[in-house]
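Heads up, the thing below is written out as structure tokens.
Residue numbers (our numbering): 4 to 618.
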């Protein structure tokens, strides 16, 4: 009686060993570090690396280690105070042209990394990171909506054979001018049927017949609501591409979005990715004026600067835009060694591209990169919003054959630029520009203090529970304490395996789990005591205690687990962090309390003649 088959002992041992291995990376911690790269995201030259180390040596800041990681030079330091001092010194010493970012570098040994054992993510309150409050440019959202109506009106009337003089935008109103009243009547019948959401008005002035369509207040609210929601979706996609674990992206008020990125210290890159509205336009080059030498721009063409210098004369008609792009990835051209971006279009975009390139084989096609940004700068002591729009030709190539759903673009300056462009195109364009109105960087020192306080609370709670268990249940209390320690190790291991994010509420969930973990053992031990009082033998009491308490333990933990799942499904932010650790703790505590302690008890008492149990 009370003996496990060998496979059960081996299973428990394997779980404990794996738990220890995958929990270890979280115990090694992280080094405060500086991450230095050029403004184009490239590795600093060897001379610059030596200059950085020399600056730190002159300032008497000890360096723990210096290493090269992908496109950055990483300098590990001993503490956060040295990190902050070093960042200021390096920024001043290098000047413009370099990005110096604070970072936290894992110290996981190589043999653990070989086993894919990685430390768990820490939330903004524990690890530090960046907090952005971003405002959606509603004026631009309204203007873009009106511009779409203008283009759609022109297309609809052209297809219906309606002659018009002009169609323009005036604020939130689309105004069309006609030379004859019957043409206006045909236009209003055609357009009103397709656009019932607009408010229509007719008038005669200046010898012409006018038709105006104004966006209603309800329609404007819908446009603004869509702009905010679309931007939230796009930001989530971009944050996912950045590799940030458990970010917080929430709407705040009518036109603001809160973005929290735990562990991100490179604010420059974060702002570039989150705030950029990058897209591409594919246009044909005007072959008749290929070599533009100045003078008036010919009708139907538009002048664009070229990235490598000079200008290009392109046709105004756009073949396709970035909205047709479904996927984009950055690679290296095996022949030239230059970065490139592989583009994949949807079916509609592929058909348009195929039709246009089929009819223009042998001609040049240009790729226009367009990026909109809104920045707040202080000019003469006054904060001003400055909108910048970058339009430049990044690639011009002859159409050798008709293109389809997939092709590539070249002419990019660096691999980092190729990755950023691919990221932006893959994640989608923002519905309207975003302006960062508030920016906070939470340093790792504050997170360290929170970790120390949370760890202290967990230790105090665990020690108090362990003392009580030993005092009340003696030997069986020691077994329960061993299971409690294993339970905490398993929680850390699962959090690391899942790459989940630990926050302060998550630590609260672990502390709560510590108390709940011994609850199952209490039920078992009290049942054993009842069996002993009823006259059962020690072996029979152990068997009945574990067997009869199983259903009670399962029901109690299952109901709590359901509550944890509901919290995770409907909660957000810190609530989900609490639910994750609570749910994991419930599952691991059932394993350690039922199967783990039973294995230890069986090893001690199983197959032996026992006269008395110390319980």
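Even for Gly, the Cβ is constructed at its ideal location relative to N, Cα and C. None of the values given here were measured: they were computed from a predicted structure.
task = Note down, one range per segment and in chain order, each beta strand (DSSP E) of at least 3 residues found wholly within the stretch 132-181.
result = 132-139, 169-173 and 176-181
request  = Might you give, ordered along the chain, the residues of its own chain that have their beta carbon closer than 6 Å to the beta carbon of residue 169, omitting 5 neighbours on each side?
outcome  = In the chain shown, residue 169 corresponds to position 166, counting from 1. So the qualifying residues of the chain are 180.
task = Could you tell me whether the Cβ atoms of residue 139 and residue 231 are closer together than 8 Å?
result = Walking along the chain shown from the start, residue 139 turns up at place 136. Walking along the chain shown from the start, residue 231 turns up at place 228. In contact: residue 139 and residue 231 (Cβ atoms closer than 8 Å).
request  = Taking residue 356 and residue 406 to be in contact with their CB atoms under 8 Å, please state how far apart those CB atoms are, rounded to whole angstroms.
outcome  = As a first step, residue 356 must be located in the chain shown, where it is residue number 353. As a first step, residue 406 must be located in the chain shown, where it is residue number 403. About 5 Å separates the two Cβ atoms, so the contact holds.
inquiry  = If I measure Cβ to Cβ from residue 490 and keep anything under 6 Å in the same chain, skipping five residues before and after, which residues do I get?
reply    = In the chain shown, the residue the question calls residue 490 occupies position 487. So the list reads 520, 591, 592 and 595, once near-sequence residues are dropped.
ask   = Nearest to residue 453 by CA position, among 411, 507 and 70, is which residue?
value = Indexing the chain shown from 1 puts residue 453 at position 450. For residue 453, the nearest C-alpha among the options comes from 507.
query = DSSP on residue 318, reduced to helix/strand/coil?
reply = On the chain shown, residue 318 is found 315 positions in, with the first residue counted as 1. Reduced to three states, the DSSP call for residue 318 is strand.
query = Helix, strand or coil: which one does DSSP assign to residue 184?
reply = Residue numbering aside, residue 184 sits at position 181 when the chain shown is read from its first letter. It is helical.
ask   = From this set, 558, 584 and 557, which residue's C-alpha is nearest residue 570's C-alpha?
value = To locate residue 570, count along the chain shown from 1; it is residue 567. Nearest C-alpha to residue 570: 584.
key: Option in 333, 346 and 183 with minimal Cα separation from residue 324   = Position 321 of the chain shown holds residue 324. Answer by Cα proximity: 346.
Contact set for residue 219: own chain, Cβ-Cβ below 8 Å, skip 5 residues either direction = Position 216 of the chain shown, counted from the start, is the residue given in the question as residue 219. Excluding positions up to five away in sequence, the list reads 200, 201 and 202.
Nearest neighbour of residue 178, chosen from 71, 468, 152 and 98 [CA to CA] = Position 175 of the chain shown, counted from the start, is the residue given in the question as residue 178. Residue 152 is the option with its Cα nearest to residue 178.
message = Report the CB separation of residue 564 from residue 589 in whole angstroms; it is logged as a contact under 8 Å.
response = Indexing the chain shown from 1 puts residue 564 at position 561. Indexing the chain shown from 1 puts residue 589 at position 586. Rounded, the Cβ-Cβ distance is 5 Å, consistent with contact.
query = From what residue to what residue does the beta strand (DSSP E) around residue 41 run?
reply = Counting from 1 along the chain shown, the entry for residue 41 is found at position 38. Here the beta strand (DSSP E) through residue 41 covers 33-41.
Residue burial classification, residue 342 (beta-carbon count within 10 angstroms, cutoff 16) = On the chain shown, residue 342 is found 339 positions in, with the first residue counted as 1. That one is buried.
inquiry  = Considering just the uninterrupted stretch of the beta strand (DSSP E) at residue 571, what are its terminal residues?
reply    = Working through the chain shown from its first residue, we reach residue 571 at position 568. Run containing residue 571: none in the beta strand (DSSP E); it sits in the alpha helix (DSSP H), 541-573.
request  = Would you kindly work out how many angstroms separate the C-alpha atoms of residue 531 and residue 501, rounded to a whole number?
outcome  = One-based indexing of the chain shown puts residue 531 at position 528. One-based indexing of the chain shown puts residue 501 at position 498. C-alpha separation (whole angstroms): 37 Å.
ask   = Start and end of the alpha helix (DSSP H) containing residue 508?
value = Taking the first residue of the chain shown as 1, we reach residue 508 at position 505. Its alpha helix (DSSP H) spans residues 507-536.
message = For residue 225, list the residues DSSP reports as bridge partners.
response = For the purposes of this step, residue 225 is taken as the residue at position 222 of the chain shown. Answer is none; residue 225 lacks a bridge partner.
request  = Find out if the Cβ-Cβ distance for the pair residue 120, residue 35 is shorter than 8 Å.
outcome  = Start at 1 with the first residue of the chain shown, and residue 120 comes out as number 117. Start at 1 with the first residue of the chain shown, and residue 35 comes out as number 32. Contact flag unset, no.
task = Determine, using beta-carbon pairs with one atom in the stretch 468-487 and one in the stretch 104-111, whether at least three such pairs fall under 8 Å.
result = no
inquiry  = On the DSSP bridge list, what partners appear for residue 330?
reply    = As a position in the chain shown, residue 330 is number 327, starting the count at 1. Note: residue 330 sits in a beta bridge opposite 347.
inquiry  = Can you look up residue 443 in the DSSP assignment and give me helix, strand or coil?
reply    = Within the chain shown, residue 443 is the residue found at index 440, counting from 1. Here residue 443 sits in strand by DSSP.
key: Top-ranked residue by Cα proximity to residue 68, from 38, 444, 148 and 74   = For the purposes of this step, residue 68 is identified with residue 65 of the chain shown, where counting begins at 1. Minimum Cα distance to residue 68 is reached at 38.
ask   = Do residue 133 and residue 444 have their C-beta atoms within less than 8 Å of each other?
value = For this step, residue 133 is matched to residue 130 along the chain shown. For this step, residue 444 is matched to residue 441 along the chain shown. Yes, these two residues count as a Cβ contact at 8 Å.
In chain order, each beta strand (DSSP E) run of at least 3 residues that lies wholly inside the stretch 182-218 = 201-208 and 211-218
request  = State yes or no: is the C-beta of residue 217 within less than 8 Å of the C-beta of residue 186?
outcome  = Within the chain shown, the letter at position 214 stands for residue 217. Within the chain shown, the letter at position 183 stands for residue 186. Their beta carbons are not under 8 Å apart, which means residue 217 does not touch residue 186 by this criterion.
inquiry  = Are there any heavy atoms of the ligand MN lying less than 7 Å away from the beta-carbon of residue 497, as far as the coordinates show?
reply    = Judged by which ligands are present, the structure shown has none, so any question about the ligand MN falls away.
key: Contact belief for residue 487 with residue 468 at Cβ below 8 Å, rounded distance in angstroms   = Here the question's residue 487 lines up with position 484 in the chain shown. Here the question's residue 468 lines up with position 465 in the chain shown. Sure, about 7 Å apart at Cβ, within 8 Å.
Delimiting residues of the beta strand (DSSP E) encompassing residue 108 = Translated into the one-based positions of the chain shown, residue 108 becomes position 105. It spans 101-109 - the beta strand (DSSP E) in which residue 108 sits, taken as one unbroken run.
Inside the stretch 39-82 only - beta strand (DSSP E) runs reaching at least 3 residues = 66-72 and 75-80
query = Around the Cβ of residue 182, are there at least 16 other Cβ atoms within 10 angstroms (buried) or fewer (exposed)?
reply = Against the chain shown, residue 182 aligns to sequence position 179. Looking at its Cβ environment, which holds fewer than 16 other Cβ atoms inside 10 Å, residue 182 is exposed.
query = In chain order, what residues of the same chain have a beta carbon less than 8 Å from the beta carbon of residue 608, not counting five sequence neighbours either side?
reply = Here residue 608 refers to the residue found at position 605 of the chain shown. Here the set comprises 5, 541, 542, 545 and 616.
Contacts around residue 614, its chain only, beta-carbon distance under 8 Å, and the 5 residues preceding and following it disregarded = Here residue 614 refers to the residue found at position 611 when the chain shown is read from its first residue. Hits under 8 Å: 541.
Inter-residue CB distance, residue 394 and residue 370 (contact presumed, cutoff 8 Å) = Against the chain shown, residue 394 aligns to sequence position 391. Against the chain shown, residue 370 aligns to sequence position 367. With 8 Å as the limit, residue 394 and residue 370 do not qualify as a contact, their Cβ atoms being about 12 Å apart.
key: Beta carbon of residue 461 nearer than 8 Å to that of residue 517   = Locating residue 461 in the chain shown gives position 458, where the first residue counts as 1. Locating residue 517 in the chain shown gives position 514, where the first residue counts as 1. Going by C-beta atoms, residue 461 is nearer than 8 Å to residue 517.
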